[in-house]
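Here the numbering used here = 1-based position in the sequence shown + 1004.
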Amino acid sequence: MFDLDSWSKRHSEPEPRVHEELTSTARKRIAHTLRVVPDEEIAKTYNLLIERTGEDPTQFGEGHSMSEGQYKFIIQNADQDVILDYLELLLNMLWRSEETVPRGTTYLYDEKELIPLCRKIEMALVEEGVLIQMKPSPSEEMVTDDWQRYSDYDKILFQQLSDETIIESDQELRILSLGDEWQDPLEGDNEAWELYKEGTFTYAIPEKLYNSLEAVCEKICVDLEGWLDKDPGVGQCISKLREKGLFTPNDEMVAEWEKIASGIQIGVQRAGNDRKRHENIDQDYLILLLHQVSSFLTFVIKRYEDGYHETSS
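Put into structure tokens, the structure is as follows:
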């Protein structure tokens, strides 16, 4: 029986695994995490929100406790910017506020209480694939450096990691991975995303990405076209793809892609021992790598599949 991927399998669009906006699930997780905050602190933050932004969310209406109003506001408010304004004000007020705590008091909440709360919010964003991060990161590995004393930084802030372009490139690559042809070579990319969503911000992610770069390039150059012998490496494969005209008319982009591949390879090699493999990498840098690799792999596969191999010399 001949091999054939069905139309629906080739063209169906999987559920996005990354989002520019707060998802409903992320909102529920964050709202539930903050239910432990006392009504008094919620009321102070609500009043401060109105003072600072002029926003007066209807979810904080009469007939509800402040805790219930906060819960409904985070889940129901359509304006993400207002929610993030509120979260920043609340977390900074909970940590320390010279306006609301007695003179001489440094911490409103013990860091042993607040760090786990912030960690839960951070993981809701990461695990739900929301492209927003908390700075500084309350990850356990970062506590000693960034969270031990409030005076080490100015504020707890939320920052956008990327835009819709990473969502588009990831979706295109995931559609390609649904077919039998590219499922195995793209396994490393999928594993890298799973590690990211688990909050494993280590060199394990670049390793997985490099595995996919190598597997896709070798599948074309060795398995499908026989241009190179077994195990040629990414650099040699990219050079061969360039020589064969795969990148035309985008040839000027090859140098940039070669630097990306080389940089990932060097990083993986330097992290070869167990100690460095488990060291943390900045979350925003990992998003950059995930974006660049998915864009490159999508371009190479689609360029090849769009008839290149039928017309090339």
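Beta carbons are placed, not taken as given, at the ideal position from N, Cα and C, and that holds for glycine. Note that this is a predicted model, so its numbers are computed, not measured.
Worksheet item: DSSP on Phe-1300, reduced to helix/strand/coil?
Response: Your numbering for residue 1300 matches position 296 in the sequence shown. The answer is helix: DSSP assigns Phe-1300 an H, G or I state.
Worksheet item: Taking the C-alpha atoms as reference points, what is the distance between Thr-1104 and Ser-1028?
Response: The residue you call residue 1104 lines up with position 100 of the sequence shown. The residue you call residue 1028 lines up with position 24 of the sequence shown. No answer about Thr-1104 holds up, because its pLDDT of 46 lies below 50 and its placement is not dependable.
Discussion item. Can you check which of these residues, Gly-1133, Leu-1118, Leu-1052, is closest to Arg-1031 by C-alpha distance?
Written reply: If you number the sequence shown from 1, residue 1031 lands on position 27. Closest option to Arg-1031, Cα to Cα, is Gly-1133.
Item to complete: Check whether the Cβ atoms of Thr-1302 and Leu-1180 sit closer than 8 Å, and answer yes or no.
Response: By one-based count along the sequence shown, residue 1302 stands at place 298. By one-based count along the sequence shown, residue 1180 stands at place 176. Cβ distance < 8 Å, so Thr-1302 and Leu-1180 count as in contact.
Worksheet item: Is Asp-1060 buried or exposed, if buried means 16 or more other CB atoms sit within 10 Å of its CB?
Response: Your numbering for residue 1060 matches position 56 in the sequence shown. The residue in question, Asp-1060, is exposed, as its Cβ has fewer than 16 Cβ neighbours within 10 Å.
Worksheet item: Which residues does DSSP pair with Ile-1136 in a beta bridge?
Response: As a first step, residue 1136 must be located in the sequence shown, where it is residue number 132. Bridge partners of Ile-1136: Gln-1164.
Fill in: Helix, strand or coil at Thr-1049 [DSSP, three-state]
The sequence position of residue 1049 within the sequence shown is 45, counting from 1. Helix at Thr-1049.
Item to complete: Give a yes or no on whether the C-beta atoms belonging to Ser-1298 and Asp-1193 are separated by under 8 Å.
Response: Here residue 1298 corresponds to residue number 294 of the sequence shown, with the count starting at 1. Here residue 1193 corresponds to residue number 189 of the sequence shown, with the count starting at 1. Yes.
Practice prompt. Mark Lys-1223 as exposed unless 16 or more other C-beta atoms lie within 10 angstroms of its C-beta, in which case mark it buried.
Written response: Residue 1223 sits at position 219 when you count from the first residue of the sequence shown. Buried: at least 16 other Cβ atoms inside 10 Å.
Worksheet item: What do you get for Ala-1259, buried or exposed, if any count of 16 or more other CB atoms within 10 angstroms of its CB means buried?
Response: By one-based count along the sequence shown, residue 1259 stands at place 255. Result: exposed.
Worksheet entry | As assigned by DSSP and simplified to three states, the class of Asn-1284 | As a first step, residue 1284 must be located in the sequence shown, where it is residue number 280. It is a strand residue.
Worksheet item: Can you tell me whether DSSP reads Thr-1029 as helix, strand or coil?
Response: Your numbering for residue 1029 matches position 25 in the sequence shown. Thr-1029 falls in the helix class under three-state DSSP.
Worksheet item: Would you say Arg-1039 and Tyr-1090 are within 8 Å of each other, going by their C-beta atoms?
Response: Walking along the sequence shown from the start, residue 1039 turns up at place 35. Walking along the sequence shown from the start, residue 1090 turns up at place 86. No.
Item to complete: For Gln-1063, I'd like the list of residues in its chain whose CB is within less than 6 Å of its CB, leaving aside the five on either flank, ordered along the chain.
Response: Within the sequence shown, numbered from 1, the residue matching residue 1063 stands at position 59. For Gln-1063, where only same-chain residues beyond five positions count, the Cβ hits under 6 Å are Gly-1073, Lys-1076, Phe-1077, Gln-1080.
Worksheet item: Touching or not, the stretch 1039 to 1055 and the stretch 1092 to 1099, by the rule of three or more beta carbon pairs under 8 Å?
Response: yes
Worksheet item: Can you give the beta carbon distance from Ile-1160 to Met-1138, rounded, assuming they're within the 8 Å contact cut?
Response: For this step, residue 1160 is matched to residue 156 along the sequence shown. For this step, residue 1138 is matched to residue 134 along the sequence shown. Their Cβ separation, rounded to whole angstroms, is 7 Å, which keeps Ile-1160 and Met-1138 in contact under 8 Å.
Worksheet item: chain E beta carbons: is any one of them nearer than 8 Å to that of Leu-1217?
Response: The structure shown has no chain E; it contains just one protein chain.
Item to complete: Spell out the partners DSSP gives Thr-1206 in its beta bridges.
Response: Start at 1 with the first residue of the sequence shown, and residue 1206 comes out as number 202. Answer is Asn-1284.
Worksheet item: According to DSSP, is His-1068 helix, strand or coil?
Response: Numbered from its first residue, the sequence shown carries residue 1068 at position 64. Of the three classes helix, strand and coil, the one that applies to His-1068 here is coil, per DSSP.
Worksheet item: Do Lys-985 and Thr-1037 have their C-beta atoms closer together than 8 Å?
Response: This structure does not reach residue 985, given that the chain is present from 1005 up to 1317, and the question cannot be answered.
Discussion item. Using DSSP's beta-bridge definition, name the partner residues of His-1036.
Written reply: Within the sequence shown, numbered from 1, the residue matching residue 1036 stands at position 32. DSSP, once it has assigned bridges, lists no residue as partnering His-1036.
Item to complete: Could you tell me the distance, in whole angstroms, from the CA atom of Glu-1066 to the CA atom of Val-1086?
Response: As a first step, residue 1066 must be located in the sequence shown, where it is residue number 62. As a first step, residue 1086 must be located in the sequence shown, where it is residue number 82. Using only the alpha carbons, I get a separation of about 20 Å.
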